[in-house]
Amino acid sequence: MILILVFGCIGCAQSTAGTNRVHLFSMADLEKTNQLYRAHDHNAVIQVNNLLKQADSLLTQGPWSVTFDKKKTAPGNNPHDYLSQAPYWWPDSSKADGKPYIRKDGRRNPEIYELHDAAQMEKMASAVKKLALAYHFSKKATYAKKAGQLLKTWFIDPATAMNPNLNYAQYVPGVNEGRGIGIIETNRLLPIPDAVTLLQNGLDANLVNGLKDWFKAYTQWLLTSKNGKAEQKELNNHGTWFDVQVVVYTLFSGDEATARKEITDHTIPRIAKQFTADGRQPLELARTRAWDYSNMNLMAWYRLAFIAQQLNIDLYNKTVDGSKGIKTALEFLLPYAAGEQAWPYQEIGGYEYGNIRRMVHTARVVYPDLKLKAFDRKFPEGNDPLMFLF
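The opening residue of the sequence shown carries number -14 in my numbering; numbering runs sequentially from there.
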């Protein structure tokens, strides 16, 4: 949750390739924050110093690995294979062994927390992101050195590296050994390419090249494997987030052509399938957590729009049938976020507004005609770029 502002802000696209490019971070906002910090702005000093304090605490934590704290290994007993269990699937009480499990949408089975690969990945990625940001502001080599250790352990070291596949993600007991739907779990890796960009002057070149090779191999698996092809065909948020991953990872490894192809061949056709003329997302509204999934899916679109802008593709204003598009979808959600209207769909998990605040921060620049008076009363943003830190 560090630097909400960093993700999805516009007006700061980078044109260079590989590790000279940021894909989701906003360099403009980072530099504005940096300037305020150097000028001893009170808020900037407090927030950057807090970040540096967190980074200091990380110097003695980790490393983390898909091979650590294994309670169960995937089929084949290879500890380098990532393994997770489907969150919304529960034992069938009518069966002696509970199998095959049955689905209860939106209700997490606590069994999933007995497997620790996802938690290990989350801790690694979060730590690398914070260390990279701390390095950006301080230029302290210790932060880059620690981040490099964490990256090497997770991605490179033969004894601890994760295999570049998700063959066994979100398996369902008694049903399958892994599903394409589990690919959404590597969303946790999305900050890594931008973190490497911020860290590049403090990382060994061989490590950077190794990271690019890992993401190239993982993207190849995404695009050619049974699970990857299944996820690419998903019509709802899973398909959208698949596109985000493919685009970010291919750009990081230097393959702009594949990134562009994913957007043109798969992302743009999703507009007609996911949105209605009035901005609803029926596939997300059908869920038991309709608010959460509507915002999560649209957040993927705004991240894709930010990246596509770097490729001279305008998803912010792309429409189908003259009205279907991500602006209309955001306008549909705004009255509910602002409290002007009660959400009429099911939401069993409570209401979270971080994603829509991220999107609005971007949208207020992209769409100057967007009506935000009520939203700003509830979520005042002002002109302070630091308000989205942490």
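Beta carbons: idealized from backbone N, C-alpha and C, even for Gly.
It should be emphasised that the depicted structure is a prediction, and the values quoted were computed from it without experimental measurement.
How many Å lie between A257 and L9 at the Cα?
It is roughly 25 Å from the alpha-carbon of A257 to the alpha-carbon of L9.
Whole runs of the alpha helix (DSSP H) within the stretch 259 to 313, excluding any shorter than 4 residues:
DSSP runs (the alpha helix (DSSP H)) wholly in the stretch 259 to 313: 267 to 270 and 275 to 295.
Going by beta-carbon coordinates alone, are T225 and W286 separated by less than 9 Å?
Less than 9 Å separates the beta-carbon of T225 from that of W286.
If we call anything under 9 Å between Cβ atoms a contact, is H121 one with L192?
Result no, Cβ atoms of H121 and L192 do not sit closer than 9 Å.
Hey, how far is the Cα of V233 from the Cα of K358?
Taking the straight line from one Cα to the other gives about 34 Å.
Can you grab the Cα-Cα spacing for the pair D383 / A293, in whole Å?
Outside the displayed span of the chain (-14 to 375) sits residue 383, for which this structure offers no information.
Let me confirm a value: A59 is counted as buried when at least 16 other C-beta atoms fall within 10 Å, else exposed. Which label applies?
The Cβ neighbour count for A59, taken over all protein chains shown within 10 Å, is at least 16; the residue is labelled buried.
Candidates T313, I87 and K246: which alpha carbon is nearest A71's?
Comparing Cα-Cα distances from A71 to each of T313, I87 and K246, the minimum goes to I87.
Under 9 Å between the Cβ atoms of T145 and S50?
For T145 and S50, yes; Cβs fall inside 9 Å.
Alpha carbon of N222 to alpha carbon of G83, nearest angstrom:
Looking at the two C-alpha atoms, the distance is approximately 29 Å.
Nearest residue (CA-CA) to Y201, options A126, T243, G165 and E216
A small fix is needed here, since residue 201 is Lys in this sequence, not Tyr. In this structure, T243 is the residue among A126, T243, G165 and E216 with its C-alpha nearest to the C-alpha of K201.
Please name the residue in A271, N212 and R173 whose C-alpha comes closest to that of Y330.
In terms of Cα proximity to Y330, the closest of A271, N212 and R173 is A271.
Excluding sequence positions up to five away, which residues of its chain have a Cβ less than 7 Å from the Cβ of M281?
A distance below 7 Å between beta-carbons, with the five flanking residues on each side excluded, links M281 to the following residues of its chain, in chain order: N222 and N340.
Give the straight-line distance between the Cα atoms of L220 and K214, rounded to the nearest whole angstrom.
Distance between the alpha carbons of L220 and K214 is about 12 Å.
Roughly how many angstroms lie between the CA atoms of W75 and V351, to the nearest whole one?
Roughly 43 Å separates the two Cα atoms.
Please say whether K115 and L196 have beta carbons closer to each other than 9 Å?
Between L196 and K115, the C-beta gap is not smaller than 9 Å, which leaves the two residues out of contact.
Secondary structure of R245, DSSP reduced to three states
Here DSSP, grouped into helix, strand and coil, assigns R245 to helix.
Leaving out the 5 sequence neighbours to the left and right, which residues in its chain are closer than 7 Å to Y321 when beta-carbon positions are compared?
W328, listed in sequence order.
When we look at the beta-carbon of H25 and count the other beta-carbons within 10 Å, is it buried (16 or more) or exposed?
It is exposed - the Cβ of H25 has fewer than 16 other Cβ atoms within 10 Å.
Tell me whether S69 is buried or exposed, calling it buried when 16 or more other Cβ atoms sit within 10 Å of its Cβ.
The residue in question, S69, is buried, as its Cβ has 16 or more Cβ neighbours within 10 Å.
Can you name, in chain order, every residue of its own chain whose Cβ lies under 6 Å from the Cβ of K55, other than the five neighbours on each side?
Around K55: P64.
Three-state secondary structure (DSSP) of A146:
The answer is coil: DSSP assigns A146 none of H, G, I, E or B.
Which partner residues does R88 have in the DSSP bridge list?
Looking at the DSSP assignment, R88 forms a beta bridge with W74.
Run through the DSSP bridge pairs and tell me what E332 is partnered with.
Answer is R274, bridged to E332.
Y352, enclosing beta strand (DSSP E) - first and last residue
DSSP places Y352 in no beta strand (DSSP E); its state is neither H nor E.
Neighbourhood of T235 by C-beta distance below 6 Å, restricted to the same chain and skipping five residues each side
Residues T204, T243 and A244 of the same chain have their beta carbon placed closer than 6 Å to that of T235, with the five preceding and five following residues left out of the count.
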